[in-house]
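Engineer: So the mapping is simple: the working numbering equals the position in the sequence shown, first residue as 1, plus 289. Here a beta-carbon is modelled for each residue, glycine too, at the ideal position from N, C-alpha and C. Quantities reported herein were computed from a predicted structural model and do not represent experimental measurements.
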Amino acid sequence: MPLQLPLELPWLKNTQLVDVEPALSPYLLETQSLTAKLKETCDKFSVTVLANEFRSAPDALRTELSEQVWCREVTLNCNGKAAVFGQSWLNEDACTVGMDAIGETPLGELLFTDSNWQRGTLEFLRLSTADYPALIELITPTTGVAPERLFARRSWFKNGKAKILVCEVFISESFYD
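1. On the three-state DSSP scale, how would you describe G397?
2. Candidates T418, V363, L350: which alpha carbon is nearest W445's?
3. Could you check the C-alpha separation between E266 and L318 for me, to the nearest Å?
4. Output yes or no for whether 9 Å exceeds the beta carbon distance between L469 and K452.
5. Between the alpha carbons of P347 and T330, how many angstroms are there, rounded?
6. To which residues of the same chain is D389 closer than 8 Å at the C-beta, ignoring the five residues directly before and after it?
7. Under 8 Å by Cβ, that's how I've got L298 and F413 pegged, so tell me the actual separation to the nearest angstrom.
8. Thinking just about the alpha-carbon of each residue, which of K450, I460, N368, V455 is nearest to the one in F440?
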C-alpha cells in the first residue's frame, strides 16, 4: 500500500515553523540539494527505491499534473539507516525527459545539476506518526522507536512543461545528531 502524504492540507511557509529542533533546521530549510547536504554529513550515502510506477494522481495533484502520474518513493540513507523518506510525483513531460528511469540515482542530484529545472517555494508540514503507520515501518528499524511527530517539506520543480512535486519526510535523527 503506497504512503499517502496529506497533499491537500495547507502546508506552511518557513516563517510559520515552530518547535523544530535546532540540529534539524539546516536540513529542513536547505534550499539547495538535500542530497548534497546529506552526502557531506554521512560517511556512506545511498538511495533505496521503494516504488517507481504509474499511479492515479491524488486529487490534490490532478489539476497541476494529470490523472495518471509517475510516483517514485525512496529512502535516502545515511550510514546504512533511512534518514529521509522521499515521494516524488512526475507529470508525463517529466517522464519524457527520463526522470522516471533514474534507478537509485538521487533525484536531487539530477535536478540541481541541470539549470533548466527551477525550484519553487519550500513548504512544510508537521506529521503525527500515529497517522502514518507506513512511516513507522520505515522508522523503527532505523531507530527502534518512532517519534510522535515528524517534519516534512515539499517543493515543485519545473522545466518548461515538465513538473515534479518532491515531498521529503525526515524520519531519523541519526544523520544530524
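Structural biologist: To lay it out plainly:
1. helix
2. L350
3. Given that the chain is displayed from residue 290 to residue 466, the structure contains no residue 266 and the question cannot be resolved.
4. Here the chain covers residues 290 to 466 and nothing more, so residue 469 does not appear.
5. 34 Å
6. N341, W359, R361, L379, A383
7. Their Cβ separation, rounded to whole angstroms, is 11 Å, which puts L298 and F413 out of contact at 8 Å.
8. I460
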